[in-house]
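K.L.:
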Amino acid sequence: MLLDGKVVLVAGVGPGLGQAVAVRAAAQGASVVLAARSPAILDELATKIGDRALAVPTDLADEAAGRALAERSLERFGRIDALVHNAFAMPPMRSLGRVDLDEVRAGLDGNVITALRTVRLVTPALTESRGSVVVVNSAVLRHSRRPFGPYKLAKAALLAATQNLASELGPRGIRVNSVAPGWIWADQLRGWFEFQAAQRGVPARQIYDEVASDIDLRRLPEPDEVADAVLFLVSDLARAVTGACLDVNCGEFHH
Numbered sequence: 024m025l026l027d028g029k030v031v032l033v034a035g036v037g038p039g040l041g042q043a044v045a046v047r048a049a050a051q052g053a054s055v056v057l058a059a060r061s062p063a064i065l066d067e068l069a070t071k072i073g074d075r076a077l078a079v080p081t082d083l084a085d086e087a088a089g090r091a092l093a094e095r096s097l098e099r100f101g102r103i104d105a106l107v108h109n110a111f112a113m114p115p116m117r118s119l120g121r122v123d124l125d126e127v128r129a130g131l132d133g134n135v136i137t138a139l140r141t142v143r144l145v146t147p148a149l150t151e152s153r154g155s156v157v158v159v160n161s162a163v164l165r166h167s168r169r170p171f172g173p174y175k176l177a178k179a180a181l182l183a184a185t186q187n188l189a190s191e192l193g194p195r196g197i198r199v200n201s202v203a204p205g206w207i208w209a210d211q212l213r214g215w216f217e218f219q220a221a222q223r224g225v226p227a228r229q230i231y232d233e234v235a236s237d238i239d240l241r242r243l244p245e246p247d248e249v250a251d252a253v254l255f256l257v258s259d260l261a262r263a264v265t266g267a268c269l270d271v272n273c274g275e276f277h278h
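Read in order, the letters of the sequence shown correspond to residues 24 to 278 in the numbering used here.
Here it is, written out as structure tokens:
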């Protein structure tokens, strides 16, 4: 039970990775706080986990809502041992030479500023527990393909923020790390592959195999596998690890 007695706040519980982190954290003994904008998703997941789950509908872009999230977490459980920040706002997918700069600002705000704000709001609680933060980043850090420029810009800034936070919060006993998943084989990606397959008139499995052929393990990571990397960084097994970014991509990129 890696997280027995711990309280893990999962900010950004959508379909796929966020839910996997919450379920697997609970399975490892943690109480979990579930935060996202959709009450229906949160309530369904809280029911699945049981009494050790607290669902708090939250727009993380709203500072007052973020503050209320931290307060409700402490009211219910009395502590916060870990923040897993999985919230994501999709930046525009256009070249840096042509993208609207207001959209670039929005991408930075939705990804970097929101994460920084959330970390700051729970820092007092994490100081008390000598806790940890794991920020979900992306394998876009490892390539410069078109039209991913605005996406990479936001995620690179997010990585820089988490690395600096590791240095700033380390003296308080707080560890700050990141994970950088590549493809995650979940419903959204299945739907995308099925769409591509229909456009080309081929089986969806062919799309999967083509993508996997350039990956060392010849397969795509699944949500539970990425979640396990997150839980490792949250747990005491990683008690000497901070400022790190762990790639979870089955060998698509090496770093």
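Glycine is no exception: its CB is placed at the ideal position from the N, C-alpha and C atoms.
#1: For my contact list, Gln211 and Pro38 are in at a C-beta cut-off of 8 angstroms; report their separation, rounded to the angstrom.
#2: Would you give the residue range spanned by the beta strand (DSSP E) that Val107 belongs to?
#3: Just the Cα atoms here: how many angstroms apart are Ile238 and Ala91?
#4: I need the DSSP call for Val253, collapsed to helix, strand or coil.
#5: Taking the C-alpha atoms as reference points, what is the distance between Phe234 and Arg102?
#6: Go to Pro173, then tell me how far its alpha helix (DSSP H) extends in each direction, as first and last residue.
#7: Spatial neighbours of Ala45 within its chain, please: C-beta separation below 8 angstroms, excluding the five flanking residues on both sides.
#8: Can you tell me where the alpha helix (DSSP H) holding Arg128 begins and where it ends?
#9: Using the three-state DSSP reduction, which class does Arg198 fall into: helix, strand or coil?
#10: Ignoring anything shorter than 4 residues, give me the alpha helix (DSSP H) runs that lie fully in the region 40 to 100, in order along the chain.
#11: Taking the runs of the alpha helix (DSSP H) that are 4 residues or longer, which of them lie wholly in the region 220 to 270?
#12: Spatial neighbours of Leu256 within its chain, please: C-beta separation below 6 angstroms, excluding the five flanking residues on both sides.
P.N.:
On the basis of the data shown:
#1: About 7 angstroms; that satisfies the 8 angstroms criterion.
#2: Per DSSP, Val107 belongs to the beta strand (DSSP E) from 105 to 108.
#3: Distance between the alpha carbons of Ile238 and Ala91 is about 42 angstroms.
#4: Looking at Val253 - three-state DSSP - the assignment turns out to be helix.
#5: Note on identity: in this sequence residue 234 is Val, with Phe being the wrong assignment. Roughly 43 angstroms between the two C-alpha positions.
#6: From DSSP, the alpha helix (DSSP H) with Pro173 extends over 172 to 192.
#7: Within the same chain, Ala45 has close Cβ partners Val31, Val33, Val36, Val55, Leu57, Leu68, Ile72, Ala76.
#8: Element bounds for Arg128: 124 to 131.
#9: Note: Arg198 maps to strand in three-state DSSP.
#10: Assignment of alpha helix (DSSP H) within the region 40 to 100, counting only whole runs of 4 or more residues, yields 40 to 50, 62 to 72, 86 to 100 in chain order.
#11: Here the runs fully enclosed are 227 to 235, 246 to 257.
#12: Excluding sequence neighbours, Leu256 sits near Val157, Asn200.
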